[in-house]
Amino acid sequence: MTRPARFGPEILLKTPTLASTSWPELTGLADGRFLATWTAPDASGIGVFAQMFNADGSTSGAEFLVNTQTLLDQYAPAAAAFDDGGFIVTWTDYSATGGDLSGRAVRAQMYHADGTANGAEFLVNTTTTSTQFTPAIATLADGRFVISWADLSQTGGDLSSYAVRAQMYNADGTAFRTEFLVNTATANYQQSPAITALTNGRFVISWTDGSRTGDDLSGDAVRAQIYNADGTAFGAEFVVNTHTSGGQNNPSLAALEDGRFVVTWSTSDTSNGDTSSGSIAAQVFNADGSRLGAEFGANTTTELGQSFPAIAALGNGRFVIAWEDASASGGDTSGRAIRAQVFDFDGSAYGNEFLVNTTTTDNQTGPSITALADGRFVVGWSDVSDNGPDPSTSGARAQIFDPRDSAIQLFGSILDDDFVGAHLGDVITGFIGDDKITGRGGSDVLNGQDGNDTITGGRGNDILHGEDGNDILNGNTGSDQLFGGAGRDTLNGGFGVDYMAGGTQNDTYIVDNYGDMVVEHSGEGTDLVKSSNINLLMANYRNVENGTLTGFEHLDIAGSSIRNTLNGNFGNNVIDGGAGKDRLWGDIGSDTLIGGLGRDVMAGGYGDDDFVFNDIADSARGNLRDIITDFSQAEMDQIDLSGIDAETTAGGDQAFSFIGAADFSNTEGELRYRQTASRTIVEMDVDGDGRADSSIALSGLITLTAGDFIL
1 MTRPARFGPE ILLKTPTLAS TSWPELTGLA DGRFLATWTA PDASGIGVFA QMFNADGSTS
61 GAEFLVNTQT LLDQYAPAAA AFDDGGFIVT WTDYSATGGD LSGRAVRAQM YHADGTANGA
121 EFLVNTTTTS TQFTPAIATL ADGRFVISWA DLSQTGGDLS SYAVRAQMYN ADGTAFRTEF
181 LVNTATANYQ QSPAITALTN GRFVISWTDG SRTGDDLSGD AVRAQIYNAD GTAFGAEFVV
241 NTHTSGGQNN PSLAALEDGR FVVTWSTSDT SNGDTSSGSI AAQVFNADGS RLGAEFGANT
301 TTELGQSFPA IAALGNGRFV IAWEDASASG GDTSGRAIRA QVFDFDGSAY GNEFLVNTTT
361 TDNQTGPSIT ALADGRFVVG WSDVSDNGPD PSTSGARAQI FDPRDSAIQL FGSILDDDFV
421 GAHLGDVITG FIGDDKITGR GGSDVLNGQD GNDTITGGRG NDILHGEDGN DILNGNTGSD
481 QLFGGAGRDT LNGGFGVDYM AGGTQNDTYI VDNYGDMVVE HSGEGTDLVK SSNINLLMAN
541 YRNVENGTLT GFEHLDIAGS SIRNTLNGNF GNNVIDGGAG KDRLWGDIGS DTLIGGLGRD
601 VMAGGYGDDD FVFNDIADSA RGNLRDIITD FSQAEMDQID LSGIDAETTA GGDQAFSFIG
661 AADFSNTEGE LRYRQTASRT IVEMDVDGDG RADSSIALSG LITLTAGDFI L
């Protein structure tokens with residue numbers, strides 16, 4: 001892999017308005033979607049807003065205001081995801097209300113997986129003197145969570161300047177133990193905390209340290225502390241950076257899947273080979289806090305400065321770091337840009353550094369990054385380009401990337417999972433929940449299992465199983481195999497010659513190739529086959545009762561020997577019911593409807609339609625006669641009897657003689673009509689006995705003329 005592939009175009013994170021945004025933060029959710037948070041003007045100042053996104057980058061639900069307290073400003077949001085699909089957002093609050101009447105405070109709000117609030121907004125910090133701000137948050141494996149923040153109270157063990165404090169919470173949002181001081185070194189200031197949960201149940205907090213003590217006596221340093229699951233310190237506080245010249249600040253953390261973790265930060269030290277005004281450094285640590293390898297530089301582009309790193313762990317043991325780049329080079333020469341690099345588990349570069357932003361006008365700053373449940377990742381940033389549909393002077397954008405270079409196997413959860421495959425022949429199973437699974441390229445095996453699933457194969461010859469629930473299966477390109485299983489399923493093979501088996505209950509098939517095979521067994525529900533580009537011959541779709549044409553093409557549909565419901569489209573259709581008691585609907589267009597044998601009900605729809613009868617057996621007498629429900633003289637509908645020999649004893653094929661509403665006169669070939677309370681009955685006498693040998697019922701009372709027939 002030279003660099004990760006872009007998945008789709010850049011995404012606008014907020015609804016386009018004139019309001020400027022800042023602080024965009026991204027958080028991957030447990031079900032495969034992701035959350036974006038940012039600050040923008042609200043009713044009284046600045047507020048925190050959020051939007052959920054599907055795995056394909058489309059919005060999930062509406063944009064919403066996070067903070068309930070809107071007095072003055074709320075800013076600097078951070079968020080974390082729970083395993084049940086929910087999430088929590090925390091932020092800095094300027095309102096000086098609700099338990100903290102001093103300066104700034106830290107508040108938070110929990111949410112359910114559907115984006116509705118889970119409980120009320122709550123105050124995080126117990127220490128309320130002076131200012132508490134810029135929180136960071138992580139959720140733990142057991143559903144608890146930890147919030148850390150910068151504190152200016154000069155109390156509780158740190159009497160100098162800024163300190164770093166934290167509070168653990170139970171899964172229900174109640175406090176677990178008490179607020180605690182994070183930093184051991186207290187001289188000068190400690191601020192800008194970052195936090196991540198480790199796979200072994202512990203968590204790590206890192207921060208910028210201005211104490212100039214211990215292993216770094218120069219300028220700012222980056223320190224960290226590991227904690228046990230109960231909140232007690234694991235080992236001692238330690239200096240993260242090995243190189244100590246200049247300043248090191250603004251750390252970002254990510255936990256790797258094997259228990260290790262990575263810290264990245266901005267540095268002005270030149271030991272990593274970057275002699276410009278700033279660069280990005282990183283260090284991999286083992287689970288016990290010991291170093292794995294040496295500190296390394298993340299950026300390849302070194303001109304001018306690189307700063308404000310963000311990091312995310314990928315599912316294959318790798319990780320990715322993004323940062324703000326001021327080099328004005330390499331595809332973005334306008335100002336600041338966002339660049340990134342994927343790394344292997346040992347900190348070695350995997351592929352090449354790459355430009356994140358496609359929009360390059362003016363500045364793109366302040367990256368945020370998160371991994372998705374299927375192995376892809378998303379980078380977000382602030383954008384001042386004023387390009388595209390966002391007219392604001394400062395917007396928020398994002399780009400999804402796919403770093404996967406081999407086939408994947410994913411197994412979902414009880415959530416409504418949203419997974420996208422790696423275009424390499426994947427096996428993805430949704431398990432319980434209403435899942436959305438997209439295979440992309442390769443010949444994939446995609447299984448919905450329980451729930452009402454939407455499964456799309458993409459390119460390749462795919463195998464799709466809906467199993468339980470009312471599923472939507474889309475084969476897309478390739479020769480695919482679709483199995484609906486239980487439930488009312490919709491199966492669309494897409495391009496190619498496809499095999500589709502709906503299973504039990506009422507299924508819908510969409511065909512686009514005469515070679516498509518539809519398999520239904522007797523007693524497996526009342527099924528429907530639809531097409532927008534080929535004629536439908538229902539006899540080819542055994543045990544499928546109903547057929548529908550869609551779109552605007554002039555197509556035909558022919559019924560089978562069983563009872564069919566056949567529907568036309570917006571084109572000019574020939575709809576032939578064949579044998580059986582059929583229902584025919586022409587829809588829009590000049591349609592030809594042929595009921596055939598059996599008691600049929602026909603409606604031409606809009607347009608001048610012809611109702612064709614080729615034999616007196618096509619419409620018998622009495623309760624066995626066919627019914628035309630919308631015969632319209634205004635639309636120039638006609639009844640075509642030209643295929644019937646009106647005089648059975650005469651040689652040749654004789655036409656009917658229309659006698660209006662008069663009685664039969666015992667003459668062969670007479671055609672008349674009569675009216676009942678609510679219907680008009682057309683009658684034909686072909687043997688001259690003065691009685692109707694065939695009749696057709698028209699809904700409504702209509703005064704028919706010879707022009708209403710083709711004789």
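Be aware that the sequence shown starts at 1, since it is given in our numbering, and climbs by one per residue. Cβ atoms here follow ideal geometry from the backbone N, Cα and C, with glycine treated the same way.
Bridge-paired residues (DSSP) for residue i
{"i": "Asn447", "result": "Thr429, His465"}
{"i": "Thr436", "result": "Note that residue 436 corresponds to Lys in the displayed sequence, not to Thr. BP columns for Lys436 point to Asp418, Thr454."}
{"i": "Arg691", "result": "Answer by DSSP bridge pairing: none, since Arg691 is not bridged."}
{"i": "Gly47", "result": "Ala40"}
{"i": "Leu314", "result": "Leu314 pairs with nothing; no bridge assigned."}
{"i": "Glu670", "result": "Ser657, Asp685"}
{"i": "Thr508", "result": "Thr490, Leu528"}
{"i": "Gln132", "result": "Asp151"}
{"i": "Ile696", "result": "Asp626, Val682"}
DSSP-derived helix/strand/coil call for residue i
{"i": "Met538", "result": "helix"}
{"i": "Ile594", "result": "strand"}
{"i": "Ala617", "result": "helix"}
{"i": "Leu555", "result": "coil"}
{"i": "Ala287", "result": "coil"}
{"i": "Gly707", "result": "helix"}
{"i": "Leu624", "result": "helix"}
{"i": "Phe354", "result": "strand"}
{"i": "Leu701", "result": "coil"}
{"i": "Arg107", "result": "strand"}
{"i": "Tyr169", "result": "strand"}
{"i": "Asp274", "result": "coil"}
{"i": "Gln69", "result": "coil"}
{"i": "Glu121", "result": "coil"}
{"i": "Leu549", "result": "strand"}
{"i": "Ser160", "result": "coil"}
Limits of the unbroken beta strand (DSSP E) element including residue i
{"i": "Met636", "result": "Note, Met636: premise wrong, no beta strand (DSSP E); not H, not E."}
{"i": "Gln74", "result": "74 to 81"}
{"i": "Lys530", "result": "528 to 531"}
{"i": "Ile659", "result": "From DSSP, Ile659 is part of no beta strand (DSSP E); its letter is neither H nor E."}
{"i": "Val222", "result": "221 to 227"}
{"i": "Val262", "result": "261 to 267"}
{"i": "Asn492", "result": "490 to 492"}
{"i": "Glu520", "result": "From DSSP, Glu520 is part of no beta strand (DSSP E); its letter is neither H nor E."}
{"i": "Leu482", "result": "481 to 483"}
{"i": "Arg202", "result": "Counting along the chain, Arg202 falls outside any beta strand (DSSP E), and DSSP gives it neither H nor E."}
{"i": "Val182", "result": "From DSSP, Val182 is part of no beta strand (DSSP E); its letter is neither H nor E."}
{"i": "Tyr499", "result": "499 to 501"}
{"i": "Asp576", "result": "574 to 576"}
{"i": "Gly335", "result": "That residue, Gly335, is in no beta strand (DSSP E); it is neither H nor E in DSSP."}
Sequence-distant residues of the same chain with beta carbon closer than 8 Å to residue i, five excluded per side
{"i": "Gln69", "result": "Asp93, Ser95, Thr97, Gly98, Arg107, Glu121"}
{"i": "Ile616", "result": "Ile644, Met684, Val686, Asp693, Ser694"}
{"i": "Gly700", "result": "Phe631, Ser678, Arg679, Thr680"}
{"i": "Asn125", "result": "Asp100, Ala105, Val106, Gln132, Trp149, Asp151, Arg165, Gln167, Glu179"}
Proximity of residue i and residue j at Cβ, strictly below 8 Å
{"i": "Gln409", "j": "Phe431", "result": "no"}
{"i": "Ala163", "j": "Ser148", "result": "no"}
{"i": "Lys581", "j": "Asp609", "result": "no"}
{"i": "Asn567", "j": "Asp587", "result": "yes"}
{"i": "Thr27", "j": "Ala79", "result": "yes"}
{"i": "Phe34", "j": "Gly115", "result": "no"}
{"i": "Asp362", "j": "Gly380", "result": "no"}
{"i": "Thr504", "j": "Asn476", "result": "no"}
{"i": "Thr438", "j": "Gly412", "result": "no"}
{"i": "Phe573", "j": "Gly589", "result": "Strictly speaking, residue 573 in this sequence is Asn, with Phe absent from that position. Contact flag set, yes."}
{"i": "Leu641", "j": "Ile710", "result": "yes"}
{"i": "Thr21", "j": "Ser368", "result": "no"}
{"i": "Arg672", "j": "Gly660", "result": "yes"}
Same chain only: Cβ atoms within 6 Å of residue i, ignoring 5 sequence neighbours per side
{"i": "Ile472", "result": "Thr454, Thr490"}
{"i": "Gly594", "result": "A quick correction: the sequence has Ile, not Gly, at residue 594. Counting only Cβ-Cβ distances below 6 Å, and skipping sequence neighbours, we find Asp576, Val612."}
{"i": "Thr358", "result": "Glu10"}
{"i": "Gly551", "result": "Ser532, Asn569"}
Close Cβ partners of residue i (< 7 Å) along its chain, the five nearest in sequence each way excluded
{"i": "Ala692", "result": "Arg621, Glu683, Met684, Asp685"}
{"i": "Leu314", "result": "Val320, Ala371, Gly375, Phe377, Pro403"}
{"i": "Pro389", "result": "Leu12, Pro16"}
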